[in-house]
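Residue numbers 25 to 751, in my numbering, belong to the letters of the sequence shown in order.
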Amino acid sequence: MDDACARPDAIRFRVLGPVEVFRHGVPVPVTADKHRALLAGLLLRANRLVTVTQLAGWLWGDEPPANARGTIQNYVARLRRSLGDRGELIRTEACGYLIRLRPDQLDLTSFDALVGAADAEGDPAAEAALLEQALGLWRGVPLSNICADGLTGIEVSELVERMLLVRERYFDARLRLGTHEALIPELRAMTEAHPLRERFRAQLIEALYRSGRRADALDAHRSVVRLLADELGIEPSAELRALHGVMITGAQPPVRVPRPRRAEISAAPAQLPSDVRGFTGRTAEIARLDALLDEGATTVAIAGTAGVGKTALAIRWGRRVADRFPDGQLWVNLRGYDLEQPLDPSRVLVRFLHALGVPGEDVPAGVVEQEALYRARLAGKRMLIVLDNASSPSQVRPLLPGSPGCTVLVTSRDEFSCLVERDGAVRLRLDVLDHAEATELLSTLLGAGPADMIALHELARLCDRLPLALRIAGDRIASSPGYSLSEMVGDLAADAPMDAFAAGDDPRTALRVVFSWSYRALPADAALLFRRLGAVPGAGFEATMFDAFVAAALLDSTPVRAQELLDALAAAHLVERRSGARFTMHDLLQAYAIEQVGIEDSPADTKAAAARLAAHYRALAQEAVFNGRNSATRSSSRTTARPAIAAHAAVTAMPPISVGTAGPVMSPSAAAQSNTALRITWGQPSGVSDAPKHRHGAVVPRRSPSTMPATNAASSNPASAKPSDPV
């Protein structure tokens, strides 16, 4: 094949009917069904990443082959050969593929561009001509030669809905031009094909009436009233009722007002909030977002725990790249984790449609129609859309554009795996600031000098380097003339650190309230585990880890079930996954968990959980010491034994327990027994620790953590803590 034929820009694609490919006007056969379906999926997401998971769902539904990734790679290779593509057209990305096209290379993007041009027209004749040209690209049912139910179901429905909305606009423009009689045959055909679509019925009735056919118009009205009552049990729309009133009185229908040009409606929306004062750090994350924009990623999900700065990052980056989105920015707080109920997508669609210049009376009532109109309005545009504080993929999906050009940033405390796997989103995880950045943020907020650096470093540590906590601490010091930096450090080192983060007048900025939104969204069993993890000694210390066996002991459950709940907490960013199957919890979240124990759990339940936790730690120590010879330490009806070497490794990752502050964790006698068992493994004297105390009752370990605590052996040994021990 010569170079001219192999050029990517020599190829044209069609999806608005049977899927077809042309090179220099000559058809290019793609005969294999799966290859054609794969091509169709890439074309529907032209210039956007399509993940392998998404492609597999389209091609095979819920039953993909065992080696779906390898099979798709093979299909792509064969498709490239059919198209004469050397990798310039279909690009391989890290987790999928994208097809890179100009708008004029695909009928769908050409359709969107023509509709976008019609949006800018105020002249009904020019608008009608552009819409007629766009509708002329349709050759039948989209993807009609594709045999892939996962692809042709909802995708085809959305495309058809977009076309029908454009056809309604076309008829409106023609009615404004006065071509009533010429429209009647087309309108009759559309009402027969879509009998329950009231807008077409109203347009037909108006065309008949304006053509002097009043009797036919009244008959058409009676027909649609009966149909709606019989089929749906509903009354006709306000538009149909108004037309009936006009016809009964013999008056003229109101003249349809020409659609104003977009420039006359409003300037490009610029909805991003103001930048965050003192924004610090996030250099790597901003560079990653820049790279994703350059690579063509259209949906990025920024995930992280409460207060970690997801919104601040989205706003800072959005303002930084605003000039790359000349058609504006849309922003909404979806209130997924808030004092109020999460926003319904329909309410957001109405708000966005108004921002995009759609008059209130033109906004459809149904969410499906709203989605289609929203995507039609975004077609051919370059806009940034920020969906802040989302709670679920179902809240986000209706707000995703249907064509390339727009970039969506989603922020959430959820991992949004479904959005990544099914919708091609790219996940960007956000962690707390590093220590230097946290100290710099405090210094910026307080205007502190070199003399304050020791206190600033300590305050940054006590705030867990969490941006929200750092800001609350900084604002409290700055707004209280008699309140010093050292006093704030002292308050945070006290037994009730959450009280130090009670914000001023806005409850949304109080750390306790912010954590509660994530906690409230948990299922009951995951919430119970979260509370009980507050009892793990030193859970918030960097060197201390816990695993499914610790969780199983706290819950009196199986490690398998405990692992599922830990995964759920990690997805909600209430615990942090570290290497292997180990997890940790930030100090402030642990303090919040301990508070909830006192509010929600009975003393008896707390006592029993603490006893099981003490038994778990002693079992590990005993198994490590006796190399597994004590069978009692390996017997449990709910857990499986772990090898002695792994038990020793696990114990060396656990700090001893300080009796003096063990109140929320376990009884003094249980703590003393556990310390004895734990210190045997370290070759240290038994007894109460004199090591530096961590502020939630744990003692900072003097050695580095192990690499892999594998499994657990809970103990039924008589040395276990007695349930009667006070907690």
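Idealized CB from N, CA, C, for every residue including glycine.
Residue nearest to M214 within the set S235, R191 and R200 is R191 (criterion: CA-CA distance).
The residue from V513, A645, G448 and S298 with its alpha-carbon nearest to that of T75 is G448.
With fewer than 16 other beta carbons inside 10 angstroms of its own, E259 counts as exposed.
The alpha-carbon separation between T435 and R601 amounts to approximately 19 Å.
In this structure, DSSP gives E44 an extended state, which the three-state scheme calls strand. The continuous stretches of beta strand (DSSP E) do not include R375, which lies in the alpha helix (DSSP H) extending over residues P369 to A379. By alpha-carbon distance to P42, the top candidate from N357, W162, A389 and G49 is W162.
If you look at S436, you'll find it in the beta strand (DSSP E) that goes T431 to S436.
Only buried fits S415, as 16 or more other CB atoms lie within 10 angstroms of its CB. Cβ atoms of L494 and A462 come within 8 Å of each other, at about 6 Å. Checking the DSSP bridge columns, you'll see Q353 partnered with A294 and L408.
Between the C-alpha atoms of R556 and L337 there is a straight-line separation of about 32 Å. In the DSSP assignment, V74 is bridged to Y121.
Where R265 is concerned, the enclosing alpha helix (DSSP H) starts and stops at A262 to T273. Within the stretch 308-362, the runs of beta strand (DSSP E) at least 3 residues long that lie entirely inside it are, in chain order, 323-327 and 353-357. Taking all protein chains shown into account, D347 has fewer than 16 neighbouring C-beta atoms within 10 Å of its C-beta and is therefore exposed. Counted as a single uninterrupted DSSP element, the alpha helix (DSSP H) harbouring T176 occupies residues D173 to T176. Boundaries for R104: no beta strand (DSSP E) harbours it, while the alpha helix (DSSP H) harbouring it runs A92 to L107, taken from the DSSP string. With a 10 Å radius around the Cβ and a threshold of 16 neighbouring Cβ atoms, V599 comes out buried. For the beta strand (DSSP E) assignment, the stretch 195-226 encloses no uninterrupted run of at least 3 residues. Taking one beta carbon from each stretch, the stretch 403-423 and the stretch 309-316 have fewer than 3 pairs nearer than 8 Å; the two do not touch. Counting C-beta atoms within 10 angstroms of its own C-beta, S134 has 16 or more neighbours from the protein chains shown and is therefore classed as buried.
Contact check for G65 and L79: beta-carbon distance about 6 Å, within the 8 Å limit, so the pair qualifies. Around the beta carbon of R69, a 10 Å sphere encloses 16 or more other beta carbons of the protein chains shown; the residue is thus reported as buried. In this structure L232 does not touch A217 by the C-beta definition: roughly 18 Å separates them, more than the 8 Å allowed. Judged by beta-carbon spacing, D438 lies beyond the 8 Å limit of W355, meaning their Cβ atoms are not closer than that value. Note: R451 is bridge-paired with A325 in the DSSP secondary-structure output. At least 8 Å separates the beta-carbon of L73 from that of V100.
Here L167 is near V39, since their CB atoms are less than 8 Å apart.
Rounded to the nearest whole angstrom, the C-alpha separation of L317 and I123 is 16 Å. Rounded to whole angstroms, the Cβ separation of V139 and A158 is 5 Å, and the two are in contact under 8 Å. Using a Cβ-Cβ distance cut-off of 8 Å, the stretch 372-379 and the stretch 318-331 are not in contact, since fewer than three pairs of beta carbons, one from each stretch, lie closer than that value.
Taking the Cβ atoms as the reference, Y194 lies roughly 14 Å from A141, outside the contact range of under 8 Å. V324 sits buried, since 16 or more C-beta atoms from the chains shown fall within 10 Å of its C-beta. For E600, the secondary structure class from DSSP, reduced to helix, strand or coil, is strand.
When the Cα atoms are used, P383 and G202 turn out to be separated by approximately 22 Å.
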